[in-house]
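First comes the structure, then the notes that go with it.
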Amino acid sequence: MKWTEGILRLKGLVAAGLVLAGSALAAETLFSNYTLNVNASAETGKLWVFSRGDIYSGVTLLTLNVAGDGTVRLAESSQGQMDDSLTAVHDSIFWDDMAERRRTPSILAGKLGYVLPMVGMNDDESYLQPRGFFSVRGVDEIYGTPLAVPEKLEDTDSSAMSYASSGFAYDSSAKAMWIARGSAGLALYDVSGNSAKKSFYALNLETKTLDSAKSSYSFNSKKNPDIFAVALHPETGDLWMATSKGLWKRSSDGSVKKASSALDSSRVTGVWIGGEPLQIIAETSYRKSGSIKGGLWRLKKDAKDFAKVAFLDTAGKTVKKEVYDEGDYTVSGIAFLGKTAFIAVGASATSVSGYFKLDSAGVRAWEQDDDGRNTWLYGYGTGATDRDAIITSICAFPLTKNSTGLALSTYGNGVSVSADSGKTWNTILNRAKLGDNLGSVRMVPSVITAGDQALVSYKVSQDSKITIDVFSYDMRKVRTIVKDAPRNADNSRSTNPKVDFWDGYDKAGRPCTMGVYYVRVKDNHDNVGWGKVMTLGGRK
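Sequential numbering of the sequence shown, starting at 89, is according to the working numbering.
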């Protein structure tokens, strides 16, 4: 890709100003249960969700309502599909050790709608080539906008992901969107006029200005730091920039200065502003002696500078150890709800994920075991998800006229929504259509590796006691999952997702050999159903 203001063509598609998706889909609740991002829409009670499927990626617009008992229910959903050569998430999101690449950023940006990164295929047919951004204005209006990269950056040995779109900030008064682009600095997409305008900038540490980074601009890592994230201050209009050389801000008059002495030369990979009273949260992450060192920082209203976020035990006392760094956590997203910040995090190269609840004092542990170990992470163990799936993002959104909801996206279990500030959650996902009285048994997913979870989906029309057994291809019983377990009649699914799954292990706890296995579900009313699952063997 060359530095031009022309039209970028991707696999024969004109990607500038052309809709990249056709008519809306309507077969499922979500485009896919493998959701990577969730965000508010412009309408109350509606939620945008980005999902990745087996071949295509797409978005879903959910319409929700709240029942009298506080349960969040799905009223309507519609989907839109992206081209198979483009997606909003890169392939290394779960194993990349750079914090800025371990989340899928998004923003609601006026008439641009739901904005996400745009990633294409590289020469190895992996989604690791930054292309620009998606503007989702409706499920049948998904636009792709390319962002050019200076040739001098493309000619370097650095990874293409070093100039990926990693953060967005929208200025509603100017009708313009700032885009953080790593080693390529900043882009500004102005939609205030009849036609959109693109501008490109680099932060110059020597002159403390934003240089216009046209095609002839020579990026220098010593004077032009990478810009990983941006946030707009809602009161001052200042643009905050998280960079490889500290935290900076651009005032509304165009002047640029350092925003923090505490983070003077830190590698700041994220910045988020919100809450009441207003608070600013920053993430630092850098490589040292072969390992990644991470930190979580906060600037409280009226405070002079940032301070590290305190982690408190169940008694409210600050613990001395570096909880955030020792957990190898990186931020997936932050939702502000009044005085509390809900910080979604994941642990690098593992499936550990969840969210912290940060109040005015710090992150409080919600549990302490008999050995004195504190638990700060909310998630599967606290009912935020009904399956042990990776939490990939979090957002706050106007659920009703008078209330704010929380939503989580998960990789494999759809989205979870809360109407009561995270006390209880309701799961919204695609569910297999099932026959009554064990008339059909489906394994979701149908192919696993030992250590994963294949949910046993079934339905009974009367309250029953369920036994689930797993058999090898030659019908030798290898595991009993539950025996005479009470299950209630249900219109859609009687499965208990916390128990009714197979993880690919036999009764002795050993990984089963690769092959097809049969799953038998029987009740105490002489009904029997069979499902089938394939395991690929030992842990990947």
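For glycine and all other residues, C-beta sits at the position ideal for the given N, C-alpha and C.
Residue environment, residue i, which counts as buried when at least 16 other CB atoms sit within 10 Å
i, result
"residue 308", "exposed"
"residue 314", "buried"
"residue 178", "buried"
"residue 236", "buried"
"residue 484", "buried"
"residue 456", "exposed"
"residue 109", "Legend: pLDDT at residue 109 = 47, less than 50; position of this residue unreliable, no value from coordinates given."
"residue 114", "Caution is warranted here: a pLDDT of 44 is assigned to residue 114, below 50, making its placement in the model unreliable, and the coordinate value is therefore given only provisionally. Classification of residue 114: exposed, given that the 10 Å Cβ count is below 16."
"residue 567", "buried"
"residue 360", "buried"
"residue 616", "exposed"
"residue 478", "buried"
"residue 630", "Missing from the structure shown is residue 630; the chain here goes from 89 to 628 and no further."
"residue 382", "buried"
"residue 602", "exposed"
"residue 579", "exposed"
"residue 215", "buried"
"residue 100", "Residue placement at residue 100 is poorly supported in this model, since its pLDDT is 29, which falls under 50; the coordinates are not used for a value here."
"residue 498", "buried"
"residue 386", "buried"
"residue 343", "exposed"
"residue 212", "exposed"
"residue 165", "buried"
"residue 139", "buried"
Within 8 Å, strictly: CB atoms of residue i and residue j
i, j, result
"residue 254", "residue 316", "yes"
"residue 160", "residue 149", "no"
"residue 522", "residue 547", "yes"
"residue 504", "residue 191", "no"
"residue 203", "residue 249", "no"
"residue 433", "residue 420", "yes"
"residue 354", "residue 372", "yes"
"residue 630", "residue 196", "No answer is possible for residue 630: it lies beyond the span of the chain, which begins at 89 and ends at 628."
"residue 141", "residue 230", "no"
"residue 435", "residue 400", "no"
"residue 487", "residue 472", "no"
"residue 188", "residue 331", "no"
"residue 454", "residue 466", "yes"
"residue 135", "residue 126", "yes"
"residue 222", "residue 208", "no"
"residue 394", "residue 423", "no"
"residue 510", "residue 494", "yes"
"residue 608", "residue 557", "yes"
"residue 593", "residue 600", "yes"
"residue 492", "residue 425", "yes"
Enclosing beta strand (DSSP E) for residue i [first to last residue]
i, result
"residue 356", "356-362"
"residue 164", "160-169"
"residue 413", "Here residue 413 belongs to no beta strand (DSSP E); instead the alpha helix (DSSP H) covers 411-414."
"residue 370", "367-376"
"residue 205", "202-209"
"residue 489", "Counting along the chain, residue 489 falls outside any beta strand (DSSP E), and DSSP gives it neither H nor E."
"residue 192", "Looking at the DSSP string, residue 192 is not in any beta strand (DSSP E), and its letter there is neither H nor E."
"residue 429", "428-435"
"residue 382", "379-388"
"residue 120", "Segment: none, residue 120 is in no beta strand (DSSP E) and carries neither H nor E."
"residue 292", "285-292"
"residue 234", "229-234"
"residue 259", "255-259"
"residue 610", "603-610"
"residue 153", "145-154"
"residue 278", "274-278"
"residue 181", "From DSSP, residue 181 is part of no beta strand (DSSP E); its letter is neither H nor E."
Residue from the options with nearest C-alpha to residue i
i, options, result
"residue 198", "407, 394, 128 and 167", "128"
"residue 239", "251, 230 and 232", "251"
"residue 442", "574, 221, 496 and 158", "496"
"residue 201", "217, 188, 258 and 162", "258"
"residue 388", "186, 301, 334 and 365", "365"
"residue 282", "290, 263 and 170", "263"
"residue 217", "591, 174, 223 and 351", "174"
"residue 569", "577, 578, 576 and 559", "559"
"residue 118", "390, 520, 564 and 509", "520"
"residue 121", "586, 550 and 532", "532"
"residue 513", "157, 139 and 123", "157"
"residue 398", "413, 573 and 502", "413"
"residue 241", "624, 303 and 137", "303"
"residue 489", "116, 132, 123 and 288", "132"
"residue 311", "300, 333 and 320", "333"
"residue 524", "219, 577, 536 and 322", "577"
Secondary structure, alpha helix (DSSP H): runs of 4+ residues fully inside the segment 492-577 = Entirely contained in the segment 492-577, not one alpha helix (DSSP H) run reaches 4 residues.
Beta strand (DSSP E) runs contained entirely in the segment 301-359, provided each spans 3 or more residues | Counting only runs of 3 or more, we get 315-320, 327-331, 334-338 and 344-346.
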